[in-house]
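> Residues 9 to 883 in this note's numbering are what the first sequence lists, from first letter to last. Idealized CB from N, CA, C, for every residue including glycine.
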Amino acid sequence: MQLSDKYQPQEIEDKWYEYWIENKFFHSTPDSRQPYTIVIPPPNVTGMLHMGHMLNNTLQDVLVRRARQKGLNACWVPGTDHASIATEAKVVAKLASEGIQKKDLTREEFLRHAWEWKEKHGGIILKQLRKLGASCDWDRTCFTMDDTRTEGVLKVFCDLYEKGKIYRGVRMVHWDPKALTALSDEEVVYKESQGKLYYLRYMLEGSDRYLVVATTRPETILGDTAVCLNPKDPRYADIPENARVMVPLVGRSIPVIRDEYVDIEFGTGALKVTPAHDVNDYMLGEKYGLETIDIFNDNGTINDKVGLYVGMDRFECRRVIENDLQNAGLLEKVEAYTNNVGYSERTGVAIEPKLSMQWFMSMKEISKPATKAVLEDVIKFVPEKYKNTYRHWMENIKDWCISRQLWWGQRIPAYYLPKGGYVVAPTSEEALRLAREKSGNPNLALSDLRQDEDVLDTWFSSWLWPISVFDGIRNPDNEEIKYYYPTNDLVTGPDIIFFWVARMIMAGYEYRQLPPFRNVYFTGIVRDKLGRKMSKQLGNSPDPLELIKQYGADGVRVAMMLCTSAGNDLMFDEALCEQGRNFGNKIWNAFRLVSGWQVDKTKPQPEECRKAVEWFTHKLNRAALEMNANFDSYRLSDALKTMYSLFWDDFSAWYLEIIKPQYQCPIDGRTLEETKNFFEKLMELMHPFMPFITEEIWHAIRERGEKQTIVLARQMEAEQIDVTLLERFTLLEEVVTNIRNIRKQNNIPQRESLRLKLISDENYPEEFESILLKIGNLSSIERVSQGETLDQGFIVKTTQYFVPQSQSVDKEKLRAELEADLKYQEGFLRSVMAKLTNERFVNGAPKAVVDKEYAKKSDSEAKIAALREQLEALK
RNA sequence: GGGAGUUUAGCUCAGCUGGUUUAGAGCAUCUGCCUUACAAGCAGAGGGUCGGGGGUUCGAAUCCCUCAACUCCCACCA
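(1) May I ask you to verify whether the segment 318-334 touches the segment 224-235, counting CB pairs closer than 8 angstroms and requiring at least 3?
(2) Taking a contact to mean a Cβ-Cβ separation below 8 angstroms, would you say residue 909 touches residue 634 in this structure?
(3) Closest to residue 29 by CA distance: which of 283, 688, 147, 61 is it?
(4) If we ignore side chains and look at the alpha-carbon of each, how far apart do residue 135 and residue 667 end up?
(5) Rounded to whole angstroms, what is the Cα-Cα separation between residue 409 and residue 367?
(6) Could you spell out where the alpha helix (DSSP H) holding residue 476 opens and where it closes?
(7) Does the segment 339-359 come close enough to the segment 187-199 that 3 or more CB-CB pairs lie under 8 angstroms?
(8) Please report the residue range of the beta strand (DSSP E) in which residue 344 lies.
(9) Just checking my contact of residue 789 with residue 766 at CB under 8 angstroms: how many whole Å lie between their CB atoms?
(10) Which residues bound the beta strand (DSSP E) around residue 175?
(11) Within the same chain, show all residues whose beta-carbon is closer than 6 angstroms to that of residue 606, passing over the 5 residues directly before and after it, in chain order.
(12) Relative to the alpha-carbon of residue 504, which residue among 528, 58, 236, 185 has its alpha-carbon at the smallest distance?
(13) Using beta-carbon positions only, say whether residue 73 and residue 12 come within less than 8 angstroms of one another.
(14) Is DSSP giving residue 109 helix, strand or coil here?
(15) Got a sec, what are the start and stop residues for the alpha helix (DSSP H) residue 335 sits in?
(16) Tell me which residue opens and which closes the beta strand (DSSP E) that residue 498 is part of.
(17) Of the choices 559, 440, 869, whose alpha-carbon is the least far from that of residue 586?
(18) Tell me which same chain residues have a C-beta within less than 6 angstroms of the C-beta of residue 3, skipping the five on either side of it?
(19) By Cβ distance below 7 angstroms, which residues in the same chain neighbour residue 555 in space, the five residues on each side in sequence not counted?
(20) Alpha carbon to alpha carbon, how far is residue 822 from residue 814? Give it in angstroms, no decimals.
(21) For residue 647, does the count of other Cβ atoms within 10 angstroms reach 16, so buried, or fall short, so exposed?
(22) Does the pairing of the segment 232-246 with the segment 266-274 give three or more beta-carbon distances under 8 angstroms?
(23) State the start and end residues of the unbroken alpha helix (DSSP H) segment that holds residue 562.
(24) Short check: CB of residue 363 to CB of residue 296, under 8 angstroms?
(25) Note down, in chain order, each residue of its chain lying with its Cβ closer than 7 angstroms to the Cβ of residue 200, except the 5 sequence neighbours on either side.
(26) What does the alpha-carbon distance come out to for the pair residue 530 and residue 315?
(27) Who are residue 361's beta bridge partners in DSSP?
(28) For residue 339 and residue 278, which I take to be in contact (beta-carbon distance under 8 angstroms), what is that distance rounded to the nearest angstrom?
(29) By DSSP's criteria, residue 804 is part of a beta bridge. Which residues make up the other side?
(30) Considering Cα atoms alone, identify which of 446, 418, 618, 417 is closest to residue 430.
(31) Cutting at 7 angstroms between CB atoms, please list the residues of its own chain near residue 270, excluding the five before and the five after it.
(32) When you compare only the Cα positions, how much space is there between residue 624 and residue 642?
(33) Could you please give the first and the last residue of the uninterrupted beta strand (DSSP E) stretch that includes residue 296?
(34) The beta strand (DSSP E) that contains residue 389, what's its start and end?
(35) For the alpha helix (DSSP H) containing residue 18, list its first residue and its last residue.
(36) Among the residues of its own chain, which have a CB less than 7 angstroms from the CB of residue 723, if the five just before and after it don't count?
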């Protein structure tokens, strides 16, 4: 078999993915095994894979694949989110490009277009995930708006309504004038914006005096219904109790009220009150029974309530009004001002606070068990710091605005009766029954009822995800939900901790009395190597599929894993993909080496091979243990690094070099067998990180029956580890390194053998002498009592070694090196002695620590003595 | 305004409950090698007063205080 000396991932990745799918290795059904479940954070149905998804899904896949190999019944449920507002915006834009306006369509027509769009673009992202190697159970793919999930959502809505937890009412909400819908608090992002502070004159009625009011939004004067002063403000002490002022330009007379809410320090200490367009003003309006004048149309233009600036956009109006105020002499001054303005998370336009009729969900009660679960670690957050963030939000939770003035989504199952009032029911039939009952009119027809026009917030379906994917809302007693729920790990970004994580926990306790998952692993944000967020505008976001094409899925996965640690942002650098690809190549070539060996089964196992096998057995066991510990504490990057260095440094650079037979000589059967065994175990341990190459090699290294797969291969259980053996081997490594250094310093090629002399003591790893002879390419190892003039010496721990030189060595250089070493050792010894001569240390520190210091002291002294001897010999 | 986090080698980060050296890794750099698995490689080397200052301790990168810089979250005084 001729194997390329470069690993070509593209040639094997698709092949194995198909193999896995065909054989349903990722498919899970309940059985007697313990389950391990992850539900995917559903990406937007029409979205494209970006680097955040790559990170997030690589992590999930690593966790799932490892669980599967540990013999658990692993189930990773994939799916997509209908992403109400985002998808509707895309469909509206697409229609607009075809000259179709949404307002010209009926709801049914629009939804037809939307579903068409979904069928065409939906699920691309799930196909992309396969390229990454994601081992999802695709048979279970769900959509937040498919029939099952929708039924569940409606059932929950009705249930919460009946429990009195969902109510309808007029409230001040965040209004998105572009998407024409209300938003929840969480969908608003505040950004610092450069604005102006306008000082306006409000003339006092029946007087020449005026009050100066500072505002950032002069256009809202159209809706002013009062001016408010602080009662303690001495500047306004002489303003009469029942004073009234004229709204500039508008000429409306409004009262001057007094409330301590007003900050004396800010602006002029006088506040204009616009109850329809500011949350705080709204509260003042409630308190003082002020009139509420809504001056905006839904799209942010001025309506005809006041009769001025009608139809003008709010920002245009601001400019024009500034000019008009100026001309009317009502503008005192304008200052530059930086303030925080809320923007719609989805459409990016400035939010307009708006008074409107919406559906809300009371959160106070439902949040209680959810708060407790996290604080008491029933659900563990990794990293823990997010517990604080979570607690703070939960303890100050506000009611959730769940209605959206959109069409793409689950329509609110409330039906209005012709003569007022409404009923809530999961189906129109049920609604009709209730309506007849409520109205006392048995002849009421379905056509008499009018269903609420609004749909539900997308998160009102995704908060049920861990339950609804197992149909646990509609059929709470089904086998699947009982088996898979609670799920194990959730991997997601901290940016949706409130949107999604917190609400899922609430739903979990409300509908299953159990948490939805046991652990939440929060990833960081993927940034570029300069630390900037990835964005389309900057063009700094690589195309994940392009990366996979170039470096292989395994390579990109390794790149993601190398730079991630829970909760910390990661600086992604394409160089990491290169490193990942190179690692794959390294594995590939190690395999080429081993697979190319001829075997002679009659040949006895050489001593150095026997010792190497013994050593690597322990090395492998220790790494496996370390990796387990890393996984247990979600240090996934460290888990990979452990395997990376085990394979590259210990297995390739040491083990394979030791057992490698002479050119064109066969290897003995036993060593080959044990080496294949190691290789196989290494592949199994690394499989969660690099699923494709490990499967390829796992099959190539041994005869495998049909339908066998590394995906289901049980990972080795780590055994007893001989720590002393491993430590003594590092002494050997140091000796070899020193010999290599001497070769390099004296330009002695590796193929030229050397003699080695040593003054043997307990720190000479003589049990590995056969290895030393081979790796050092030594012709002999001789025990002596001292070195000679022509020898170049070195010391490992306390043992002195000498390499006889044919020609004279650079004594000055040698002496300088030995002296530097001596200086370091003396300094070190001093620091040890400082402790040991300190009575408080000797008496105060634990015995083990003190003993360690004594050991350091004697080692150091021995080494110093050896160094002095060698320096003496140099003279 | 409130809170959280970060600061260790040129870069990215480990360093977990204070004691394995006078601080580690990977990448990058430098030197020598196309040695028969791998130049996507091998062998070796250099590089840090652990953000500044103070304190606790026999002992501090690690604990406490303080200052500084950066990042994020929450709140939203017009």
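Well, looking at it:
(1) In this structure the segment 318-334 lies against the segment 224-235, because at least three pairs of beta carbons, one per stretch, are closer than 8 angstroms.
(2) No information on residue 909 is available, as it lies outside the stretch 9 to 883 that the chain covers here.
(3) Ranking the options by Cα distance to residue 29, first place goes to 147.
(4) Going by C-alpha positions, residue 135 is about 44 angstroms away from residue 667.
(5) Rounded to the nearest angstrom, the two C-alpha atoms are 6 angstroms apart.
(6) Counted as a single uninterrupted DSSP element, the alpha helix (DSSP H) harbouring residue 476 occupies residues 473-476.
(7) Contact between the segment 187-199 and the segment 339-359 is established, with three or more Cβ pairs separated by less than 8 angstroms.
(8) Per DSSP, residue 344 belongs to the beta strand (DSSP E) from 339-352.
(9) About 7 angstroms separates the two Cβ atoms, so the contact holds.
(10) Counting along the chain, the unbroken beta strand (DSSP E) around residue 175 starts and ends at 174-184.
(11) Spatial neighbours of residue 606 in its own chain (CB-CB distance under 6 angstroms, excluding positions within 5 residues in sequence) are listed in chain order as 674.
(12) It is 528.
(13) Result no, Cβ atoms of residue 73 and residue 12 do not sit closer than 8 angstroms.
(14) Coil at residue 109, not helix or strand.
(15) Looking at the DSSP string, the run of the alpha helix (DSSP H) that includes residue 335 is 322-335.
(16) Run containing residue 498: 495-500, per the beta strand (DSSP E) assignment.
(17) Nearest of 559, 440, 869 to residue 586, Cα basis: 559.
(18) Outside the shown range of the chain (9 to 883) lies residue 3, about which nothing can therefore be said.
(19) These residues qualify, in order along the chain: 564, 585.
(20) Rounded to whole angstroms, the gap between the alpha carbons of residue 814 and residue 822 is 16 angstroms.
(21) Burial call: buried.
(22) Result yes; three or more Cβ-Cβ pairs closer than 8 angstroms.
(23) Looking at the DSSP string, the run of the alpha helix (DSSP H) that includes residue 562 is 552-570.
(24) It is not a contact, given that the beta carbons lie outside the stated cut-off.
(25) Sequence-distant Cβ neighbours of residue 200 in its own chain, meaning closer than 7 angstroms and more than five residues away, are 346, 348.
(26) Near 53 angstroms, if we compare the C-alpha coordinates of residue 315 and residue 530.
(27) When DSSP reads this structure, residue 361 sits in a beta bridge with 182.
(28) In fact, because the Cβ distance is near 15 angstroms, the residues do not count as touching under 8 angstroms.
(29) Answer is 807, bridged to residue 804.
(30) When each option's Cα is compared against that of residue 430, the closest is 446.
(31) 236, 237, 238, 277, 279.
(32) Taking C-alpha positions only, residue 624 is separated from residue 642 by approximately 26 angstroms.
(33) Going by DSSP, residue 296 is part of no beta strand (DSSP E) but of the alpha helix (DSSP H) stretching over 287-296.
(34) First-last of the beta strand (DSSP E) with residue 389: 388-390.
(35) Counted as a single uninterrupted DSSP element, the alpha helix (DSSP H) harbouring residue 18 occupies residues 17-30.
(36) Closer than 7 angstroms at Cβ, skipping near neighbours: 77, 78, 692, 693.
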